[in-house]
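Here is the structure we will look at, set down as C-alpha cells.
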Amino acid sequence: MSLHELLYTGKFVRETAWGLDMLNGLKIESLSSWLSADIAVSSDEQYRHNLIKENLSGRAGALAELKPLIQKAHDDARFRLRKFLRDDLDPLKEWDEDDDPAEGYPEVFDLTTLKGYFGEFFSGFVAENFAPFGERNWRVPVFLFRFHETAFDQLAMWHQTGQMNTAIVGRTGDDCLAFVLENGKIVKILFLEAKCTASHSSQMIAEAHKKISNQNQTPVELMRLVDLLQAYRPNPEADVWITALRQLYRAKEGFERFDCVSYVCGQSPQKPRSKVSWISRAAPHQNYRGGRKLEAIEVQLSDVEDLVRFVYGKEA
Numbered sequence: 052m053s054l055h056e057l058l059y060t061g062k063f064v065r066e067t068a069w070g071l072d073m074l075n076g077l078k079i080e081s082l083s084s085w086l087s088a089d090i091a092v093s094s095d096e097q098y099r100h101n102l103i104k105e106n107l108s109g110r111a112g113a114l115a116e117l118k119p120l121i122q123k124a125h126d127d128a129r130f131r132l133r134k135f136l137r138d139d140l141d142p143l144k145e146w147d148e149d150d151d152p153a154e155g156y157p158e159v160f161d162l163t164t165l166k167g168y169f170g171e172f173f174s175g176f177v178a179e180n181f182a183p184f185g186e187r188n189w190r191v192p193v194f195l196f197r198f199h200e201t202a203f204d205q206l207a208m209w210h211q212t213g214q215m216n217t218a219i220v221g222r223t224g225d226d227c228l229a230f231v232l233e234n235g236k237i238v239k240i241l242f243l244e245a246k247c248t249a250s251h252s253s254q255m256i257a258e259a260h261k262k263i264s265n266q267n268q269t270p271v272e273l274m275r276l277v278d279l280l281q282a283y284r285p286n287p288e289a290d291v292w293i294t295a296l297r298q299l300y301r302a303k304e305g306f307e308r309f310d311c312v313s314y315v316c317g318q319s320p321q322k323p324r325s326k327v328s329w330i331s332r333a334a335p336h337q338n339y340r341g342g343r344k345l346e347a348i349e350v351q352l353s354d355v356e357d358l359v360r361f362v363y364g365k366e367a
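Residue numbering for the sequence shown is 52 to 367, as defined by my numbering.
The following block contains the structure:
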C-alpha cells in the first residue's frame, strides 16, 4: 500500500516516538451517539447550512475520546516551547515541572482564550467528520497553535510571577485549514473561520462572515505550515504535505477554494418556535462577500464553558 493510500485509510503507523499524530485523522468512535447533523442547501447549491446538535446521553463518552485528540493538537506548541532548552524532544519523556517551558500550557490560560482554541480545533474536527460541501476527504494536516506568540509571552510571565492576564490577544492568520489531496496534489482548500461562545453572539457571526470573504485564493499560512511540518521530517507523511503545499504556493490553477464558518454556541433560539438556528438556513449572511461556495456549520452545545474546562483540564 502506498503512502498516499495509508494517509487516507487512517492506517499510517508512526516510525518515531515524536510524529504528527493529527495526521492520523480526527475521528472518534462515539461521534454518532453524541452529535447529529441537519443540512440545508440553497437552490443554486452555492450555500449550505449544517445544524449540528448534541445528544447529552452520548456526551461523556465522546468527550473522553475528544480530550486526548485536543491535547495532541497542542503537542506541536509544546514541542516548540521546549525546543530551546533541550535537544531531546521526545514528547513521551517526563519533564521536571520546575523547568518545563510548556508547564501550564494551555490549561492556565483564561477561559476566553481556551474557548478560542476549542473553536479552532472543533472547526477542523467538523471538517473531517461532517463532510462540508459533501466532500468526505478533507484533512487537517496540522493545527497552528504554535504561532500564538502573545500566549507564549503570557505563559513565560506566569512561570516567573504566577500571574496570568485575564485576556490574551488572539493569533493572526487563518483559524484552521483543511485540504483534499489527490495523487500528492492539493485540489481543494477549505478555509475555516471559527467562533465559540458560551451563549450566542450575532457580532461573532457577522465578523466571521466578513473575514472569510477575503479574496486570497491560497492560504497566507502556507509558509508557516511548511515550517511547522519540517519539524517532523522523520515522519514521511510530513514530506507528502510539504511537497503538496510548496506546489500549491506555485500553482495558479488546478485547485478550488471553499469557505466555511464554524460557529459553536451554548444557546439555541427559543422564539419564534419555527426558528431553529442563529445563522440563516437559506442564504449566506449579508456580510459574506467572497463569491465562492460557502458553508455555515452551527454547533449548538450545552454548557460550553464546562465542556471547554474539561477537555483542556490537566490530566491528574
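Every residue gets a Cβ at the ideal spot worked out from N, C-alpha and C, and that includes glycine.
Spatially closest choice to residue i from the options, by CA coordinates
i: Asn-234; options: Trp-292, Asn-216, Phe-203, Phe-194; result: Trp-292
i: Phe-309; options: Leu-345, Leu-279, Lys-322, Met-274; result: Leu-345
i: Asp-151; options: Tyr-168, Pro-157, Leu-132, Glu-158; result: Leu-132
i: Ile-22; options: Lys-104, Glu-154, Leu-165, Asp-95; result: Beyond the ends of the chain as shown, which are 52 and 367, falls residue 22; an answer cannot be given.
i: Arg-343; options: Gln-351, Glu-80, Ala-289, His-260; result: His-260
i: Leu-273; options: Gly-224, Gly-109, Asn-265, Gly-112; result: Gly-224
i: Gln-80; options: Ile-103, Leu-114, Met-215; result: A quick correction: the sequence has Glu, not Gln, at residue 80. Of Ile-103, Leu-114, Met-215, the residue nearest in Cα terms is Leu-114.
i: Ala-347; options: Lys-246, Asn-216, Val-238, Asp-95; result: Lys-246
i: Lys-303; options: Asn-267, Gly-221, Val-359, Ser-331; result: Asn-267
i: Gly-197; options: Ser-264, Asn-180, Asp-127; result: Looking at the sequence shown, residue 197 is not Gly but Arg. Here the closest residue by C-alpha is Asp-127.
i: Gly-221; options: Gln-337, Ser-325, Glu-171; result: Glu-171
i: Phe-361; options: Arg-110, Thr-212, Glu-105, Trp-85; result: Arg-110
i: Gly-185; options: Trp-85, Gln-214, Glu-96, Gly-341; result: Glu-96
Close beta carbons around residue i, own chain, < 8 angstroms, minus the five adjacent residues each side
i: Leu-276; result: Pro-192, Val-193, Leu-195, Leu-228, Pro-270, Trp-292, Leu-296
i: Met-255; result: Lys-246, Thr-248, Tyr-314
i: Lys-262; result: Glu-244
i: Leu-352; result: Glu-105, Val-315, Cys-316, Gly-317, Leu-358
Alpha-carbon to alpha-carbon, residue j and residue i
i: Ser-87; j: Phe-173; result: 15 angstroms
i: Ser-83; j: Ala-178; result: 15 angstroms
i: Asp-290; j: Val-327; result: 44 angstroms
i: Gly-112; j: Ala-124; result: 19 angstroms
i: Arg-129; j: Leu-136; result: 12 angstroms
i: Gly-175; j: Leu-77; result: 8 angstroms
i: Met-73; j: Arg-301; result: Confidence at Met-73 is low in this model, with a pLDDT of 43, below 50, so its placement is unreliable and no value can be given for it.
i: Leu-58; j: Ser-319; result: Residue placement at Leu-58 is poorly supported in this model, since its pLDDT is 37, which falls under 50; the coordinates are not used for a value here.
i: His-210; j: Leu-162; result: 18 angstroms
i: Val-359; j: Pro-119; result: 13 angstroms
i: Glu-356; j: His-199; result: 21 angstroms
i: Ile-90; j: His-100; result: 6 angstroms
i: Arg-187; j: Asn-180; result: 8 angstroms
i: Asn-106; j: Thr-212; result: 42 angstroms
i: Ile-240; j: Ser-108; result: 35 angstroms
i: Arg-324; j: Lys-134; result: 54 angstroms
i: Asn-75; j: Leu-232; result: 14 angstroms
i: Glu-366; j: Asp-354; result: 21 angstroms
i: Asp-204; j: Phe-160; result: 12 angstroms
i: Met-208; j: Asn-216; result: 9 angstroms
i: Glu-288; j: Thr-294; result: 10 angstroms
Whole-number beta carbon distance between residue j and residue i, since they are thought to touch under 8 angstroms
i: Pro-183; j: Cys-311; result: 5 angstroms
i: Leu-206; j: Tyr-156; result: 6 angstroms
i: Phe-230; j: Arg-190; result: 6 angstroms
i: His-336; j: Ala-257; result: 7 angstroms
i: Tyr-339; j: Ser-264; result: 6 angstroms
For residue i, the three-state DSSP class (helix, strand or coil)
i: Val-312; result: strand
i: Phe-135; result: coil
i: Asn-75; result: helix
i: Asn-101; result: strand
i: Gln-351; result: strand
i: Phe-181; result: coil
i: Glu-366; result: coil
i: Lys-246; result: strand
i: Val-327; result: coil
i: Val-277; result: helix
i: Arg-297; result: helix
i: Glu-307; result: strand
i: Ser-252; result: coil
i: Lys-236; result: strand
i: Val-220; result: coil
i: Thr-153; result: One point to set straight first is that residue 153 is Ala, not Thr, in the sequence displayed. Reduced to three states, the DSSP call for Ala-153 is coil.
i: Ser-87; result: strand
i: Leu-82; result: helix
i: Glu-272; result: coil
i: Val-359; result: helix
i: Ala-259; result: helix
i: Glu-171; result: helix
Own chain residues within Cβ distance below 6 angstroms of residue i, not counting five before or after
i: Ala-202; result: Ile-219
i: Tyr-363; result: Glu-158, Leu-165
i: Val-350; result: Ile-103, Val-315
i: Arg-332; result: Ala-91, His-100
i: Leu-279; result: Val-193
Beta-carbon contacts of residue i that lie in its chain and below 7 angstroms, excluding the five residues immediately before and after
i: Lys-334; result: The residue asked about is misnamed: residue 334 is Ala in this sequence, not Lys. Cβ within range, chain order: Ser-93, Tyr-98.
i: Leu-299; result: Ile-237, Thr-269, Leu-273, Phe-306
i: His-251; result: Cys-316, Gln-318, Trp-329
Any non-hydrogen atom of the ligand COA within 7 angstroms of residue i CB
i: Ser-81; result: Among the components modelled here there is no ligand, and therefore nothing to report on the ligand COA.
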